[in-house]
Amino acid sequence: MDAWAIFFRTLFMYFFLLLMLRLMGKREIGKLSVFDLIVSFMIADLSATVIEDIKLPVFSSVIPIASLVGLQILVSFIMLKSRKVRGILDGEPTIIIKNGKLQREAMSKVRYNMDDLLMQLRDKNIANVADVEFAILETSGKLSVFPKEEKKPVTKSDITLNHHLKPFTLPIPVIIDGEIQDKELSSLGFNRFWLKKELKKKGYNQFKDVFYACADENGSLYVEGNKRSKR
């Protein structure tokens with residue numbers, strides 16, 4: 005009798021958790037935030053408890069799990085609307101290598117050692133730190149690597165008679181969710197006047213019409229319009 009009870013509890017919890025995880029949305033395991041992981045661990049523990057102990061009513065786990073999922077959905081919605089909240093809960097990406105130089109202070113701050121760096125570089129088929137122009141440790145723990153121009157694989161577009169290698173410049177977000185990132189804009193050597201002029205060239209008259217924009221040191225601007233605003 006106990007075996008059947010455990011079987012049906014397991015079956016019920018399986019479909020219930022499947023529904024809850026669908027409600028939580030699609031995210032890769034490697035891209036889960038700390039908050040997502042905490043919710044996932046708690047859900048797993050609550051599920052195991054009610055399956056193993058048949059004396060406990062199923063709803064003793066269903067209600068807490070549903071509450072956690074509701075909280076996760078609410079927090080995810082707030083994070084979607086607020087970059088500040090995203091920064092608090094998810095943290096910010098950390099530049100590990102900049103202009104070909106190790107950022108030791110940044111590595112120490114996030115407790116990221118050379119063994120971790122070399123392992124992740126090897127995973128991207130890069131054997132030497134000297135071959136890297138930029139490396140950014142994302143909030144998920146993944147390392148984004150931008151090789152030096154002369155170390156990039158050659159493509160057809162590179163094979164031209166008058167081709168000259170240009171140093172790589174990392175594009176930096178200057179508008180996120182319609183809000184100007186003044187600090188980042190200034191780090192590129194530009195100001196709001198320049199940004200507004202460049203946006204007008206692309207058909208955007210107001211900053212709020214832009215959902216996302218990034219620029220590099222050469223003044224190359226990429227713009228993604230806000231769907232709620234018309235150009």
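Letter 178 of the sequence shown, counting from 1, is numbered 182 in the numbering used here, and no numbers are missing. We put the beta carbon where it would ideally sit given N, CA and C, even for glycine.
Cut-off 7 Å between Cβ atoms - residues of its own chain near residue i, not counting five sequence neighbours on either side
i           : result
residue 218 : 175, 176, 177, 178 and 226
residue 128 : 149
residue 116 : 100 and 141
residue 62  : 13, 16 and 54
N- and C-terminal bounds of the alpha helix (DSSP H) containing residue i
i           : result
residue 211 : Here residue 211 belongs to no alpha helix (DSSP H), and DSSP marks it neither H nor E.
residue 225 : Segment 225-229 is the beta strand (DSSP E) holding residue 225; no alpha helix (DSSP H) there.
residue 63  : 63-85
residue 112 : 108-113
residue 122 : 118-127
residue 55  : 38-56
Nearest-angstrom beta carbon gap, residue j and residue i [assumed within contact, 8 Å]
i           : j           : result
residue 114 : residue 130 : About 20 Å; that fails the 8 Å criterion.
residue 139 : residue 100 : 5 Å
Contact set for residue i: own chain, Cβ-Cβ below 8 Å, skip 5 residues either direction
i           : result
residue 2   : Any property of residue 2 remains undetermined from this structure, which presents the chain solely from 5 to 235.
residue 133 : 101, 106, 121, 122 and 125
residue 75  : 43
residue 6   : 58
residue 224 : 175
residue 195 : 189
residue 20  : 66 and 69
Continuous beta strand (DSSP E) stretch holding residue i: start and end
i           : result
residue 131 : Neither: residue 131 is in no beta strand (DSSP E) and is coded neither H nor E.
residue 98  : 98-102
residue 192 : First-last for residue 192: undefined, no H or E at that position.
residue 140 : 136-141
residue 177 : 176-180
6 Å CB neighbourhood of residue i in its chain, flanking five on each side removed
i           : result
residue 32  : Any reading at residue 32 must be qualified, since the residue scores a pLDDT of 48, below 50, and its modelled position is unreliable; no value is offered.
residue 104 : 137
residue 50  : 65, 68 and 69
residue 60  : 54
residue 98  : 110, 114 and 141
residue 83  : 89 and 90
residue 80  : none
Whole-angstrom distance between residue j and residue i, CA atom to CA atom
i           : j           : result
residue 188 : residue 152 : 22 Å
residue 109 : residue 118 : 12 Å
residue 190 : residue 213 : 21 Å
residue 201 : residue 72  : 46 Å
residue 70  : residue 24  : 7 Å
residue 230 : residue 211 : 10 Å
residue 89  : residue 185 : 16 Å
residue 96  : residue 39  : 14 Å
residue 197 : residue 180 : 17 Å
residue 228 : residue 45  : 36 Å
residue 86  : residue 216 : 14 Å
residue 112 : residue 183 : 31 Å
residue 28  : residue 147 : 25 Å
residue 209 : residue 222 : 22 Å
residue 22  : residue 204 : 47 Å
residue 8   : residue 78  : 37 Å
residue 199 : residue 52  : 54 Å
Min CB distance residue i to chain C below 8 Å
i           : result
residue 107 : Looking at the structure shown, chain C is missing, and only one protein chain is on hand.
message = Suppose only complete runs of 4+ residues qualify. What are the alpha helix (DSSP H) ranges in the region 6-30, listed by chain order?
response = 6-28
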